[in-house]
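Data block below; observations after.
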Amino acid sequence: MPAVADCTVVFPLRHDPASTHPDVSGLVGKAFERVNWRDAFDTFLAEERSALWAAKTAFDNTDTSAYIAARDALFPQAVSGVHGAVAFRNRAGHKLHETMEAVGLWEYLKGGATRAKGTFTFVDVCGGPGAFSQALFAMGKEHKLRLRGFGLTLRNVKGLDWYTDLPSRSFFPCYGIDGTGDVFKLENIESLCSLTCKENVRLVVADGGFDVPTEVVNFQETISCRIVYGQWLSAVKLLRPGGCFVLKLFDCFSPFTRAILFLTTHLYESVQVVKPRHSRVVNSERYLVCIGFIGAPKQWLEHFERCYQEGFVDNDNIPTALPTSLFSGDKIFGADVERMSATIASNQVSGLHAILEKLQSKPAMEEAKS
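Mapping the sequence shown onto full-length UniProt numbering, position 169 (from 1) lands on 169, and the numbers just tick up by one.
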């Protein structure tokens, strides 16, 4: 049996309570420094990152079906099915369910919904075809809550059309001011904000991403920085005070990702990273869960928007959203993000090594030949 297993793990992220908000005034009007996604790492957990990359690279020439068979044999826990009275269309629903349950997010949301007569609004960013929305409506029914949902996703992209069974009177698709649904355009986020301006947006969920070719899979984190930031910024602009946010992340080694996590600890009352059971131990996926939106100072929001518009000029280069000098001295945050990143990476390496050993075992090799 492997030394690790698919199970839900929760990691708190905090900043030093004695510290003040990072001062971004010195960044106003300055041009953004950029770095290519291949070079967007520093020395943070360099050994752990190298070990993880090596473990992933070991499968470059492995037959995909053989890998999946070995993985599922060793880690059978992450399978679809039914949670209590709730059944989900795919594994994404299970991930959201496990993530929300792990931190008591429904109990928090029910408190706010009680004040709003049992109703609250959620927004699903980069959500097509709607696995998270479908799961939220199902879970909301289980918790005896009435939900209204708004969704932003790319239009006319195969596999991203919204599920036709999402409740038409309670779910409202949005494709932005230009009709594309492209979250890379700030004006489309603004359009979504206008559409929901009279709504009590209590929850934003964001599960956006894209397939990364095998030859660059080690750079999934930095290749995804733009879409991660766009979803993160959307939540900052959409949420009402006290609202919550669930965002899919990958590895958290780069200065850019760490900067976003640090800023997040100042924007919400409670921040945690959850690795749900259905997010397999052998992959880098995890979920950032933020509870109790405090709000962003005006200068911060202006900086965040300028970073998105002027910093991300293409998909190859990543701007410096916040210099490391503004968060590297926070030892509480540093310890939390290091523990989270190192633990998930270590478990991932152990799981990948177990799969490789199974593939290289005599029975597995004979089965592959037959």
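For each residue, glycine too, the CB sits at the ideal point set by N, CA and C. Here the structure is a predicted model, which is why all the values come from computation and not from measurement.
**OP:** Within the same chain, show all residues whose beta-carbon is closer than 6 Å to that of Ala7, passing over the 5 residues directly before and after it, in chain order.
**Re:** Reading off the sequence, residue 7 comes out as Cys, not Ala. Cβ contact annotation for Cys7 (same chain, cutoff 6 Å, sequence separation greater than five): Arg277, in chain order.
**OP:** Along the beta strand (DSSP E) that carries Tyr287, what are the first and last residues, could you check?
**Re:** 286 to 293
Original post:
Between His143, Asp178, Pro12, which lies nearest to Arg155 when the distance is taken from Cα to Cα?
Top reply: Among His143, Asp178, Pro12, the Cα nearest to that of Arg155 belongs to Asp178.
Original post:
Does the distance from the C-beta atom of Ala40 to that of Thr222 stay below 7 Å?
Top reply: yes
Subject >> Residue range of the unbroken beta strand (DSSP E) whose run includes Lys248 >> reply: 244 to 249 is the span of the beta strand (DSSP E), which, as asked, contains Lys248.
Subject >> CA-to-CA distance, Val157 to Arg226, given in whole angstroms >> reply: Cα to Cα, the separation comes out at about 19 Å.
Original post:
Which same chain residues, not among the five before or five after Ser284, have their C-beta less than 6 Å away from its C-beta?
Top reply: Phe250, Asp251
Subject >> For Val24 and Ala135, the rounded distance between their alpha carbons >> reply: 38 Å
Original post:
Are there 16 or more other CB atoms within 10 angstroms of the CB of Gly26, so buried, or fewer, so exposed?
Top reply: Counting C-beta atoms within 10 angstroms of its own C-beta, Gly26 has fewer than 16 neighbours from the protein chains shown and is therefore classed as exposed.
Original post:
The alpha helix (DSSP H) spanning Ser270 covers which residue range?
Top reply: Here Ser270 belongs to no alpha helix (DSSP H); instead the beta strand (DSSP E) covers 268 to 275.
Original post:
Which word fits Ile260, buried or exposed, when buried means at least 16 other C-beta atoms lie within 10 angstroms of its C-beta?
Top reply: That one is buried.
Subject >> DSSP-derived helix/strand/coil call for Arg258 >> reply: Helix, per DSSP.
**OP:** Grab the span of the alpha helix (DSSP H) containing Gly140 for me, first residue to last.
**Re:** Here the alpha helix (DSSP H) through Gly140 covers 131 to 142.
**OP:** Please classify Ile344: is it buried, with 16 or more other beta-carbons within 10 angstroms of its beta-carbon, or exposed?
**Re:** buried
Original post:
By Cβ distance, which residues of its chain are closer than 8 Å to Leu45, with the 5 residues on each side in sequence left out?
Top reply: Closer than 8 Å at Cβ, skipping near neighbours: Phe253, Glu338, Ser341, Ala342, Ala345.
Original post:
Are the C-beta of Asn200 and some C-beta of chain C separated by less than 7 Å?
Top reply: The chain inventory of the structure shown lacks chain C, comprising one protein chain alone.
Original post:
What three-state label does DSSP hand Cys252 in the structure shown?
Top reply: coil
**OP:** Quick one: measure Cβ to Cβ for Leu152 and Val201, integer angstroms, because I've assumed they're closer than 8 Å.
**Re:** About 13 Å; that fails the 8 Å criterion.
**OP:** Determine the direct distance from the alpha carbon of Thr180 to that of Val9, and round the result to whole angstroms.
**Re:** For Val9 and Thr180, the distance between alpha carbons rounds to 37 Å.
Original post:
Between the Cα of Ile189 and the Cα atoms of Asn317, Phe210, Trp232, Gln220, which residue gives the shortest distance?
Top reply: Trp232
Original post:
What residue from Ile291, Gln360, Thr265, Ala92 has the CA that sits closest to Phe327's CA?
Top reply: Thr265
Original post:
Residue range of the alpha helix (DSSP H) that residue 400 falls in?
Top reply: Only positions 1 to 370 of the chain appear in the structure, and residue 400 is not among them; the question remains open.
Subject >> Chain-order list of residues whose beta-carbon lies under 7 Å from that of Cys193 (same chain, five-residue window excluded) >> reply: So the qualifying residues of the chain are Lys237, Leu238.
Subject >> contact_flag[the region 203 to 211, the region 124 to 142] where n(CB pairs < 8 Å) is 3 or more >> reply: yes
Original post:
Using DSSP with H/G/I as helix, E/B as strand and the rest coil, what is Phe327?
Top reply: coil
**OP:** Determine contact between the region 119 to 131 and the region 159 to 171, defined as no fewer than three beta-carbon pairs at a distance below 8 Å.
**Re:** yes
Subject >> Burial state of Asn90, where buried means 16 or more other Cβ atoms lie within 10 Å >> reply: Burial call: exposed.
Original post:
Counting along the chain, where does the beta strand (DSSP E) carrying Gly149 start and finish?
Top reply: It spans 146 to 152 - the beta strand (DSSP E) in which Gly149 sits, taken as one unbroken run.
Original post:
From Ala70 to Thr214, what does the alpha carbon distance come to, in whole angstroms?
Top reply: 18 Å
**OP:** Taking only the alpha-carbon atoms, compute the straight-line gap between Lys56 and Asn218 and give it to the nearest angstrom.
**Re:** 7 Å
Original post:
So Asn188 is in the alpha helix (DSSP H); what residue range does that whole segment cover?
Top reply: 186 to 195
Original post:
Which one of Ala78, Pro297, Val282, Lys298 has the shortest CA to CA distance from Gln348?
Top reply: Residue Val282 is the option with its Cα nearest to Gln348.
**OP:** Could you pull out every residue in the same chain whose Cβ sits closer than 7 Å to the Cβ of Thr320, ignoring the five residues on either side in sequence?
**Re:** The residues are Phe32, Glu33.
Subject >> Residues bridged to Leu13 [DSSP beta-bridge criterion] >> reply: Val271
**OP:** Name the one or two DSSP bridge partners that Ala206 has.
**Re:** Val125, Leu247
Subject >> Rounded straight-line distance, which links the Cα of Phe59 to that of Leu356 >> reply: 8 Å
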